[in-house]
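Numbering (our numbering), first residue to last: 7 to 431.
Glycine is no exception: its CB is placed at the ideal position from the N, C-alpha and C atoms.
All remarks here apply to the structure that follows.
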Ligand code: PA5
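Here it is in structure tokens:
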């Protein structure tokens, strides 16, 4: 499980002052009366999730693992980031075993799309198309292309057997397409929005295909819900209060920090969750991210000595999935023998501690640190629920509806006009 350390926050945090507000906010979540209450389904999901569908997800994941060597997960935003974050965190960036998971449908990139389609010509692939609305342009175009390739490779019937659609229970173009073509379907419940959907079929099917234990994932989420449901002293609320305090003291950006590239997509998931939930009515912290030590060689300078606009929130995992020792060399021309026999995990940890001290003591940058022993399915389930609940609380502290995203529509309107999209009948 993850633990919050806020001893480096550099400001007084008046938890007591927030108590009445938190009580009201939490009642609004638990009683489903808060703003945007049509979308509070995620809050009780670890208890209420559809156990029948959960078993079907496991069964179909097993089928995919037996029949195919590749799964193309086709979605964008909340319909893809959580699954990718969990798969990369647990399996690493160069997994050697199991079904290969590829992501498409999160971009219009002509090059990536062409290269992926070319690569898939040689693979025995299935598709998991994920879209709540069923009309998201990036995802729909990618799915149309993937479907065409699959039909050309294996014929219409086998293609339909290899397509798994996750979408709204009743409405939307994808639901219609799936029904017409007999695809296996899974449901994104109508009271759960995209960025709060990682614990539904949206995340569960790709994760199970990737060999991740989704029973453990849900058990972790259930634990986070049970702990935080009524306990306002829980880190879920402390984290929201600290962010709110720092925001009101003038910090405008929260910088998410990880120490391994395989956790970069956790940053991306957090950025979407917080950015789309809070960034409204000219309010909210701008969520940004870095992966250290890589970015210490690029953005490190700014964080240390640049404009004091940000605070850091680090996620540090104590035990890496794998480790490599620095070897001994007789000549020691690179002068690294002082590290011989030490693991890169140890070196990484010293980099983290050195950086924390530099940024806090010398740089005056407030730091929040989440630590965990290891990042496995259970911890990730815990973590996903933790941040979803804390994020909703944070948005409510700003008097904002966490569950809509009115600003996202503006670019789409312009793009559709430029593309000449016919008006809906
Ligand atoms: O959080 C959200 O609601 C969004 O990020 C959506 O997940 C994203 O836009 C994809 O939408 P859809 O699942 O309808 O294709």
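#### Entry: DSSP three-state assignment for residue 365, whether helix, strand or coil
As a first step, residue 365 is located in the chain shown; it is residue number 359 there, counting from the start. Residue 365 falls in the helix class under three-state DSSP.
### Message
According to DSSP, simplified to helix, strand and coil, what is residue 50?
### Response
Here the question's residue 50 lines up with position 44 in the chain shown. In this structure, residue 50 counts as helix in the three-state DSSP scheme.
### Task
Whole angstroms is fine: what's the gap from residue 392's alpha carbon to residue 247's?
As a first step, residue 392 must be located in the chain shown, where it is residue number 386. As a first step, residue 247 must be located in the chain shown, where it is residue number 241. In a straight line, the C-alpha of residue 392 is about 14 Å away from that of residue 247.
### Query
Between residue 145 and the ligand PA5, is the CB less than 7 Å from at least one heavy atom?
Translated into positions along the chain shown, residue 145 becomes position 139. Because some heavy atom of the ligand PA5 lies under 7 Å away, the Cβ of residue 145 counts as near it: yes.
### Residue(s) in a DSSP beta bridge with residue 263
Residue 263 sits at position 257 when you count from the first residue of the chain shown. Its beta-bridge partners are 296 and 320.
### Task
Taking only runs that begin and end inside the region 360-409, name each unbroken beta strand (DSSP E) of 3 or more residues, in chain order.
373-378
### Query
Ordered along the chain, which non-local residues of its own chain (more than five positions away) have a Cβ less than 7 Å from that of residue 189?
To locate residue 189, count along the chain shown from 1; it is residue 183. Counting only Cβ-Cβ distances below 7 Å, and skipping sequence neighbours, we find 166, 169, 170 and 171.
### Task
For the region 173-191 and the region 37-57, state whether three or more C-beta atom pairs, one from each stretch, are separated by less than 8 Å.
no
### Query
How big is the Cα-Cα spacing for residue 234 and residue 400?
On the chain shown, residue 234 is found 228 positions in, with the first residue counted as 1. On the chain shown, residue 400 is found 394 positions in, with the first residue counted as 1. For residue 234 and residue 400, the distance between alpha carbons rounds to 14 Å.
### Task
For residue 194, write down the residues that DSSP places opposite it in a beta bridge.
On the chain shown, position 188 is the one that residue 194 refers to. BP columns for residue 194 point to 174.
### Task
Using the Cα positions of residue 213 and residue 40, report the straight-line distance between them to the nearest angstrom.
Along the chain shown, read from residue 1 onward, the residue named residue 213 stands at position 207. Along the chain shown, read from residue 1 onward, the residue named residue 40 stands at position 34. For residue 213 and residue 40, the distance between alpha carbons rounds to 31 Å.
### Message
If you measure between the beta carbons of residue 331 and residue 347, is that distance less than 8 Å?
### Response
Your numbering for residue 331 matches position 325 in the chain shown. Your numbering for residue 347 matches position 341 in the chain shown. Cβ distance < 8 Å, so residue 331 and residue 347 count as in contact.
### Task
Compute the Euclidean distance between the alpha carbons of residue 310 and residue 256, then round it to the nearest angstrom.
Reading the chain shown from its first residue, position 304 is the one you call residue 310. Reading the chain shown from its first residue, position 250 is the one you call residue 256. When rounded, the distance between both Cα atoms is 18 Å.
### Query
Is there at least one non-hydrogen atom of the ligand PA5 closer than 7 Å to the beta-carbon of residue 138?
Within the chain shown, the letter at position 132 stands for residue 138. Residue 138: yes, Cβ under 7 Å from the ligand PA5.
### Task
Report the residue ranges of all alpha helix (DSSP H) runs contained in full by the region 264-292; include only those spanning at least 4 residues, in chain order.
270-284
### Query
For the region 291-300 against the region 249-268, are there 3 or more C-beta pairs whose distance is under 8 Å?
yes
### Message
Among 355, 70 and 316, whose alpha-carbon lies nearest the alpha-carbon of residue 324?
### Response
By 1-based counting over the chain shown, the position of residue 324 is 318. It is 355.
#### Entry: Neighbourhood of residue 87 by C-beta, 6 Å cutoff - its chain only, sequence neighbours within 5 removed
As a working mapping, residue 87 is identified with position 81 in the chain shown. Counting only Cβ-Cβ distances below 6 Å, and skipping sequence neighbours, we find 274, 275 and 278.
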